[in-house]
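Participant: Going by numbering that gives the first Met the number 0, the first residue of the sequence shown is number 0, and it counts up by one from there.
Handing you this structure, nothing more for now.
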Amino acid sequence: MNYSIKPSTEKDIPFLWEMLHQSIFVSEGQPAPSLDILKEPNIEKYLINWGKENDHALVAIDKENNAVGAVWIRLLDQDNAGYGFVDENTPELGMAIKNQYRGKGIGKNLLFNMIQFAHSIGYPAISLSVDPLNQNALRLYEKSGFIKVYEDAGGSWIMKRDL
0 MNYSIKPSTE
10 KDIPFLWEML
20 HQSIFVSEGQ
30 PAPSLDILKE
40 PNIEKYLINW
50 GKENDHALVA
60 IDKENNAVGA
70 VWIRLLDQDN
80 AGYGFVDENT
90 PELGMAIKNQ
100 YRGKGIGKNL
110 LFNMIQFAHS
120 IGYPAISLSV
130 DPLNQNALRL
140 YEKSGFIKVY
150 EDAGGSWIMK
160 RDL
């Protein structure tokens, strides 16, 4: 598949919200959460008022300029920690690819590009939260150098990649 990766712009914000919804892991056979989940404080914190100094996203687009996937990082603090929080100097990463484009290497390339970008602007590391039942995502993160830091009360793994 022909695609390219570009920095996000303001017009990509609705797509980032769509990808945030897609990034919520749902076990096989379970219904996807409604879009209302995006209004929950623990979820919306990843994109609410997007566009601040420490908000960075990359979007994969196909040859017709349609967005097919995205990766983003946001620096959160102790008082507003996300699921993958490790410290106030490490941004948390979120990522999703539209269903029909998964398994084509797009996520791997988006993640690689975000790791390179985060390193280039001086971040010491990136963190994330992943459900270990999400084997495809877990393998991608492990192959990309993320290591398990701890397991939260819900069983998700908090992983970190030093840059």
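We put the beta carbon where it would ideally sit given N, CA and C, even for glycine.
To the nearest angstrom, how far is the alpha carbon of E52 from that of L75?
Facilitator: Locating residue 52 in the sequence shown gives position 53, where the first residue counts as 1. Locating residue 75 in the sequence shown gives position 76, where the first residue counts as 1. E52 and L75 have their alpha carbons spaced roughly 12 Å apart.
Participant: Between the region 19-38 and the region 125-135, can you find at least three pairs of beta-carbon atoms closer than 8 Å?
Facilitator: yes
Participant: What residues match up with D54 in a beta bridge as DSSP calls it?
Facilitator: By one-based count along the sequence shown, residue 54 stands at place 55. D54 pairs with R73.
Participant: Hey, how far is the Cα of N48 from the Cα of S7?
Facilitator: Here residue 48 refers to the residue found at position 49 of the sequence shown. Here residue 7 refers to the residue found at position 8 of the sequence shown. One C-alpha to the other measures close to 14 Å.
Participant: Below 7 Å, is the gap between the Cβ of L46 and the nearest heavy atom of the ligand ADP?
Facilitator: What this structure holds is no ligand at all, so the ligand ADP is not there to describe.
Participant: Among residues of its own chain, excluding the 5 on either side of Q77, which ones have a beta-carbon nearer than 8 Å to its beta-carbon?
Facilitator: By 1-based counting over the sequence shown, the position of residue 77 is 78. Cβ within range, chain order: F84 and E87.
Participant: Nearest-angstrom Cα distance between L109 and A59?
Facilitator: As a position in the sequence shown, residue 109 is number 110, starting the count at 1. As a position in the sequence shown, residue 59 is number 60, starting the count at 1. Approximately 7 Å, taken between the alpha carbons.
Participant: Rank A136, Y140, W16 and P90 by C-alpha distance to the C-alpha of P123 and give the top, closest one.
Facilitator: Your numbering for residue 123 matches position 124 in the sequence shown. The residue with the shortest Cα to Cα distance from P123 is P90.
Participant: Of the choices E17, F116, D11 and K107, whose alpha-carbon is the least far from that of A31?
Facilitator: As a working note, residue 31 is residue 32 in the sequence shown. Measuring from the Cα of A31, the nearest candidate turns out to be E17.
Participant: Which whole runs of the beta strand (DSSP E) in the region 79-149 are 3 residues long or more, in chain order?
Facilitator: 91-96 and 124-129
Participant: Give the straight-line distance between the Cα atoms of F145 and R101, rounded to the nearest whole angstrom.
Facilitator: Working through the sequence shown from its first residue, we reach residue 145 at position 146. Working through the sequence shown from its first residue, we reach residue 101 at position 102. Distance between the alpha carbons of F145 and R101 is about 20 Å.
Participant: Between which two residues does the alpha helix (DSSP H) holding I12 run?
Facilitator: Counted from its first residue, the sequence shown places residue 12 at position 13. Note, I12: alpha helix (DSSP H), I12 to Q21.
Participant: Tell me the residue span of the beta strand (DSSP E) that contains I4.
Facilitator: The sequence position of residue 4 within the sequence shown is 5, counting from 1. It spans Y2 to P6 - the beta strand (DSSP E) in which I4 sits, taken as one unbroken run.
Participant: Report yes if the CB atom of L57 is closer than 8 Å to the CB atom of V70, and no otherwise.
Facilitator: For the purposes of this step, residue 57 is identified with residue 58 of the sequence shown, where counting begins at 1. For the purposes of this step, residue 70 is identified with residue 71 of the sequence shown, where counting begins at 1. In this structure, L57 sits near V70, with a CB-CB distance shorter than 8 Å.
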